[in-house]
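Asker:
Given below as structure tokens:
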């Protein structure tokens, strides 16, 4: 850059690349639109899947989960990274609705582009979008319906909506029951508030010849008995959870034992055996019949435990040990001497599963932690089943905690679009145009549902608009027949939190990107 006297003035370093004004804005709009269009085809029960392949490795992922897709494709564009953050936030907060959130960002940016072409200033658009978002969230509250954690039928419908469209249709009904039972089982109500700790539901997967989902009121551990003397089944489990080793450990200081005669050697080994036997006897005295140990168990201890009909596992991972203690209502202790009735956990039964090489502790009364075992014929199916269960688990948790849900099938988006247009007329000025554009952006959801199901998008959006104009606020698109139906009657329901978060994060990210009029990209030392 040159000043008035013609001298060169250096402001930006050589390694800073500048993308100014309209170019920066167009670049961000393009990035948001591209990502929105990428995941759009996966939306809804009839959405397609994406195959994500990592070159140079055998890593192949087949999924229609928005967050998984965006996480796998590793975007470079700074604007696109912000859109991926929307999906990740949506996934962290709600566990579902990631595709919806990204599609909405793309739609908001596309509508903003039309306004910019018409000469509306970006800050006016951002203001209109903000007003639109506040009104949309207010309308969403009015559209939501209250539900109690005891309404298992409704919770099952919510899980079903989250799972529909994943490749697990065959076992969906049973999987929904499993998820609702699991989440309801670990939910804790204090006063009027119900909370669910998602870490209290452990999901384990195994390859198998059939596809199934099983709820275990207890825990599964990827280990089997240490000694053939130990029983394979136990009824009325009394379990001890030991963090320290059940063997004679080395002393802290360097020490030597000098043995000069056979008698001394015999006495030494007798004392060692007695110490180890005493360890095993501690469990027998306390009525323990299952021992889970985080460290090693010496061979003689294994033998003594087996002789007394006690089932033992060694080198149990710390996470599994703590989880088992929570599920069985016990406590992790350091050594057998710390055994007391209050630290011993109980379960209805123990089964050693030879085919899965696992130990199952089940039928726990008032289990504070439960396990879902998923099986599938291929690793890809198992992974997709796990993703579907995770989504369903999170949405049921959202509804139990919030106590309210909304209607799906594009009904909420169409109603918001209709009501926001009415609201726009009360604002006036150029902001009105921005609110109208914001309202129109919501139609991308029913439009995409129609498109993915092979129906004419224009006709279906017009049919939906007409139904909502006639006061049918729960009217949505039946993606299997192409007709406009009452989605509440159809049982297509979603958590309010999913919709709320999608609208909020998508709107805020769109506002953030619209206000950017300059991008300065600093290249690292290695890129110069």
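In this note's numbering, the protein residues as written are 38 to 565.
Note that beta-carbon positions come from the ideal geometry of N, C-alpha and C, so glycine has one too.
Entirely within the segment 270 to 352 and at least 4 residues each: give me those alpha helix (DSSP H) ranges in chain order.
Answerer: Whole alpha helix (DSSP H) segments, 4+ residues: 299 to 322 and 336 to 344.
Asker: Taking the alpha-carbon positions, what's the residue 103 to residue 422 distance?
Answerer: In the chain shown, counting from the first residue as 1, residue 103 sits at position 66. In the chain shown, counting from the first residue as 1, residue 422 sits at position 385. Distance between the alpha carbons of residue 103 and residue 422 is about 15 angstroms.
Asker: Taking 8 angstroms as the cut-off, decide whether the C-beta atoms of residue 432 and residue 196 are in contact.
Answerer: Stepping through the chain shown from its first residue, residue 432 is reached at position 395. Stepping through the chain shown from its first residue, residue 196 is reached at position 159. Cβ distance < 8 angstroms, so residue 432 and residue 196 count as in contact.
Asker: Pull the bridge partners of residue 388 from the DSSP assignment, please.
Answerer: Locating residue 388 in the chain shown gives position 351, counting from the first residue. DSSP, once it has assigned bridges, lists 270 and 397 as partnering residue 388.
Asker: Contact defined as beta carbons within less than 8 angstroms: I believe residue 524 pairs with residue 446. What is the distance between those atoms, to the nearest angstrom?
Answerer: Here residue 524 is taken as the residue at index 487 of the chain shown, counted from 1. Here residue 446 is taken as the residue at index 409 of the chain shown, counted from 1. Between residue 446 and residue 524 the Cβ distance is about 4 angstroms, and since that is below 8 angstroms, they are a contact.
Asker: Excluding five sequence neighbours on each side, which residues of the same chain lie with their C-beta closer than 7 angstroms to the C-beta of residue 564?
Answerer: If you number the chain shown from 1, residue 564 lands on position 527. For residue 564, the pLDDT reaches just 48, beneath the cut-off of 50, and the residue's location in the model is therefore unreliable, although a value from the coordinates is still provided. Contacts found: none.
Asker: With respect to the alpha helix (DSSP H) encompassing residue 532, which residues constitute its N-terminal and C-terminal limits?
Answerer: The count along the chain shown starts at 1 and reaches residue 532 at position 495. First-last for residue 532: 530 to 532, but that is the beta strand (DSSP E), not the alpha helix (DSSP H).
Asker: In terms of residues, what are the limits of the alpha helix (DSSP H) holding residue 452?
Answerer: Here residue 452 refers to the residue found at position 415 when the chain shown is read from its first residue. Taken as a continuous stretch (DSSP letters only), the alpha helix (DSSP H) holding residue 452 covers 448 to 464.
Asker: Under 8 angstroms by Cβ, that's how I've got residue 167 and residue 548 pegged, so tell me the actual separation to the nearest angstrom.
Answerer: For the purposes of this step, residue 167 is identified with residue 130 of the chain shown, where counting begins at 1. For the purposes of this step, residue 548 is identified with residue 511 of the chain shown, where counting begins at 1. That belief holds up - the Cβ atoms of residue 167 and residue 548 are roughly 6 angstroms apart, short of 8 angstroms.
Asker: How is residue 563 classed by DSSP in three states: helix, strand or coil?
Answerer: Here residue 563 refers to the residue found at position 526 of the chain shown. In this prediction, residue 563 scores a pLDDT of 46, lower than 50, which makes its location untrustworthy; no coordinate-derived value is stated.
Asker: Cutting at 6 angstroms between CB atoms, please list the residues of its own chain near residue 366, excluding the five before and the five after it.
Answerer: The residue you call residue 366 lines up with position 329 of the chain shown. So the qualifying residues of the chain are 382.
Asker: Please classify residue 65 as buried or exposed, where buried requires at least 16 neighbouring CB atoms within 10 angstroms.
Answerer: Numbered from 1 along the chain shown, position 28 holds the residue referred to as residue 65. Answer is buried; the Cβ neighbour count reaches 16.
Asker: Give the secondary structure of residue 377 by DSSP, where H, G and I count as helix, E and B as strand, and everything else as coil.
Answerer: Residue mapping note: residue 377 aligns to position 340 of the chain shown, counting from 1. Correct three-state label for residue 377: coil.
Asker: Identify whether residue 551 lies in helix, strand or coil by the three-state DSSP scheme.
Answerer: Residue 551 sits at position 514 when you count from the first residue of the chain shown. Helix.
Asker: To the nearest angstrom, report how far apart residue 206 and residue 350 are at their CA atoms.
Answerer: Here the question's residue 206 lines up with position 169 in the chain shown. Here the question's residue 350 lines up with position 313 in the chain shown. Between residue 206 and residue 350, the C-alpha separation is close to 37 angstroms.
Asker: Would you call the CB atoms of residue 212 and residue 200 closer than 8 angstroms?
Answerer: Taking the chain shown and counting its residues from 1, one reaches residue 212 at position 175. Taking the chain shown and counting its residues from 1, one reaches residue 200 at position 163. Yes.
Asker: Can you give me the start and stop residues for the alpha helix (DSSP H) that residue 124 sits inside?
Answerer: Residue numbering aside, residue 124 sits at position 87 when the chain shown is read from its first letter. Segment 115 to 130, the alpha helix (DSSP H) holding residue 124.
Asker: Note down, one range per segment and in chain order, each alpha helix (DSSP H) of at least 4 residues found wholly within the segment 411 to 444.
Answerer: The segment 411 to 444 contains these whole alpha helix (DSSP H) runs: 416 to 439.
Asker: Near residue 476, what residues of its chain come up, given a Cβ to Cβ distance below 6 angstroms and the 5 sequence neighbours on each side ignored?
Answerer: As a first step, residue 476 is located in the chain shown; it is residue number 439 there, counting from the start. Around residue 476: 454, 457 and 458.
Asker: With C-beta atoms as the reference, is residue 98 less than 8 angstroms away from residue 89?
Answerer: On the chain shown, position 61 is the one that residue 98 refers to. On the chain shown, position 52 is the one that residue 89 refers to. It is a contact, given that the beta carbons lie within the stated cut-off.
Asker: Assign residue 531 to buried or exposed, taking buried as 16 or more other Cβ atoms, counted over all protein chains shown, within 10 Å of its Cβ.
Answerer: Counting from one through the chain shown, the residue named residue 531 turns up at place 494. Its Cβ being crowded by 16 or more others within 10 Å, residue 531 is buried.
Asker: Please find out if some non-hydrogen atom of the ligand SAH comes closer than 7 angstroms to the beta-carbon of residue 176.
Answerer: Among the components modelled here there is no ligand, and therefore nothing to report on the ligand SAH.
Asker: For residue 126, count neighbouring C-beta atoms within 10 Å of its own C-beta (all shown protein chains included) and say buried if the count is 16 or more, exposed if not.
Answerer: What you label residue 126 is simply residue 89 of the chain shown in a count that begins at 1. Residue 126 should be labelled buried.
Asker: Have a look at 63, 70 and 343 and flag the residue whose alpha-carbon is nearest the alpha-carbon of residue 143.
Answerer: On the chain shown, residue 143 is found 106 positions in, with the first residue counted as 1. It is 70.
Asker: For residue 562, which residues of its own chain have a beta-carbon under 7 angstroms away from its beta-carbon, when the five flanking residues on both sides are left out?
Answerer: Here the question's residue 562 lines up with position 525 in the chain shown. Its pLDDT being 44, under 50, residue 562 is placed unreliably by the model, and the measurement read from it follows with that caveat. Correct list: empty, nothing qualifies.
Asker: By Cβ distance, which residues of its chain are closer than 6 angstroms to residue 441, with the 5 residues on each side in sequence left out?
Answerer: Taking the first residue of the chain shown as 1, we reach residue 441 at position 404. Closer than 6 angstroms at Cβ, skipping near neighbours: 181, 183 and 533.
Asker: Can the beta-carbon of residue 390 be found closer than 8 angstroms to that of residue 271?
Answerer: If you number the chain shown from 1, residue 390 lands on position 353. If you number the chain shown from 1, residue 271 lands on position 234. Cβ atoms of residue 390 and residue 271: not closer than 8 angstroms.
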